[in-house]
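First comes the structure, then the notes that go with it.
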């Protein structure tokens, strides 16, 4: 298990993250009846059929108005989509039920408690596997179909959620902030998210520490290779580092643009006149720099600030790419 995967397991081993996950992403009536103060982890004591202990799932239970509800969270960070995830989830939920039977964890009426199975996925491809095992089983004519098993799981595709939801939808939700940071496209956006995260996590020191470790060891080294992070010990320091980096980038881009513009302008000036050559060279370089910045996923605000292009000029460049 990579440090990234371990970090996610630490994130969702905290009741605050599980609460924000359910409240922020599961828009169903039963969630409104949950008492999140009763959230508690369930030790995963069962093993799969190959006798390996499960490492990428977390089980919680929480009281509702109708009794205990179990939440089975599977963290799926594989690059490929498991077409038969519905079979896996049915197997895991069955193993959980067998363990509950062994422990005699029944409802007052003697039945098994409900289980909510959810898969957290952050691969590049959008999730397209069947959500119900019934969809994987060939239908046949006649009464045999009545014996076809059915169990549905919930998929939370991070990339799809980020693509479909505006940035303003995070609303002090730590899980939404985590997903936004995973897919942030610019240092300014990341700095904004980290600043909010630092404020929201003030009363959750354990989570704050996990977020800091994940930023230092996973996200920031991947986004900014070579950046020195050893001396950073607080989320506010991460925010300040990102803000300083944006400032330095702006100055570097402007200096580079001026240098290239003068160079090209002087070359053209030999043929067209110095003044006209300078103007054309600088204009050409501004466009080249803007294109490079667009390809790097930098924000419109930063590109306009660096290149002095208008909003319409920048939009025209986007349409060309």
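In my numbering, the protein residues as written are 1159 to 1479. In this text, a Cβ means the ideal position worked out from N, Cα and C, and glycines have one as well.
By the Cβ criterion, the segment 1256-1263 is not in contact with the segment 1317-1332, since fewer than three pairs of Cβ atoms, one from each stretch, lie closer than 8 Å. Between the segment 1274-1286 and the segment 1349-1356, the count of Cβ pairs shorter than 8 Å is below three; the stretches do not touch.
Taking 9 Å as the cut-off, the beta carbon of residue 1243 is found no closer than this to the beta carbon of residue 1309. Between residue 1255 and residue 1289, the C-beta spacing is not below 9 Å. Closest by C-alpha distance to residue 1179, out of 1461, 1372, 1330, is 1330. Here residue 1275 is bridged, per DSSP, to 1230.
When secondary structure is reduced to three states using DSSP, residue 1387 falls in the coil class, being assigned neither helix nor strand. The three-state secondary structure of residue 1199, taken from DSSP, is strand.
Fully contained in the segment 1304-1342 are the following beta strand (DSSP E) runs of length 3 or more, in chain order: 1312-1315. Annotation for residue 1232: 1215, 1277 place their beta carbon closer than 6 Å to its own, counting only its chain and skipping 5 residues before and after.
Taking the Cα positions, residue 1275 is about 26 Å away from residue 1362.
Residue 1227 and residue 1197 do not touch by the CB rule: their CB atoms are close to 10 Å apart, not below 8 Å.
Annotation: residue 1171 is outside any alpha helix (DSSP H) and is labelled neither H nor E by DSSP.
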